[in-house]
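Everything on this sheet refers to the single structure shown next.
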Amino acid sequence: MMSSAHNDYTIAWICAMLDKIHHPLPKSSTDLNSYELGELDGHYIVITCLPAGVYGTVTAANVVSRMRSTFPQLQYGLMVGIGGGVPG
0 MMSSAHNDYT IAWICAMLDK IHHPLPKSST DLNSYELGEL DGHYIVITCL PAGVYGTVTA
60 ANVVSRMRST FPQLQYGLMV GIGGGVPG
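Start counting the sequence shown at 0; every next residue gets the next number (numbering that gives the first Met the number 0).
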């Protein structure tokens, strides 16, 4: 596996399959998210999920806020699911 840094990751994706898996990176003790890091067609991807059993826009906003703090170069974000974090 190749070495990477936080600033290499520019796309946030909640749920995916990757071409390559990267080693975990250290994160702040205030970041409660769990991340899977990897690569898809040359793009560095960071993946996380909403906490189990917790849904809605506030939860989604908290997850994204922590994610952006840990990975400051994120340029795109995708939320894939059944609409639990999207306002109606």
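No residue lacks a Cβ here, since even glycine has one placed at the ideal position from N, Cα and C.
Legend entry - V53 in three-state terms, based on DSSP: Position 54 of the sequence shown, counted from the start, is the residue given in the question as residue 53. In the structure shown, V53 sits in coil (DSSP, three-state: anything other than H, G, I, E or B).
Legend entry - C-beta atoms of L73 and T29 nearer than 8 Å: Residue 73 sits at position 74 when you count from the first residue of the sequence shown. Residue 29 sits at position 30 when you count from the first residue of the sequence shown. Their beta carbons are not under 8 Å apart, which means L73 does not touch T29 by this criterion.
Inset, instruction - Report yes if the CB atom of T47 is closer than 8 Å to the CB atom of V62, and no otherwise. - result: Counting from 1 along the sequence shown, the entry for residue 47 is found at position 48. Counting from 1 along the sequence shown, the entry for residue 62 is found at position 63. Yes, the pair counts as a contact, with Cβ atoms nearer than the cut-off.
Legend entry - Helix, strand or coil at A15 [DSSP, three-state]: Translated into the one-based positions of the sequence shown, residue 15 becomes position 16. Confidence at A15 is low in this model, with a pLDDT of 41, below 50, so its placement is unreliable and the value that follows should be read with caution. Of the three classes helix, strand and coil, the one that applies to A15 here is coil, per DSSP.
Inset, instruction - Kindly indicate the opening and closing residues of the beta strand (DSSP E) around Y89. - result: The structure shown does not extend to residue 89, since the chain is modelled only from 0 to 87, so the question has no answer here.
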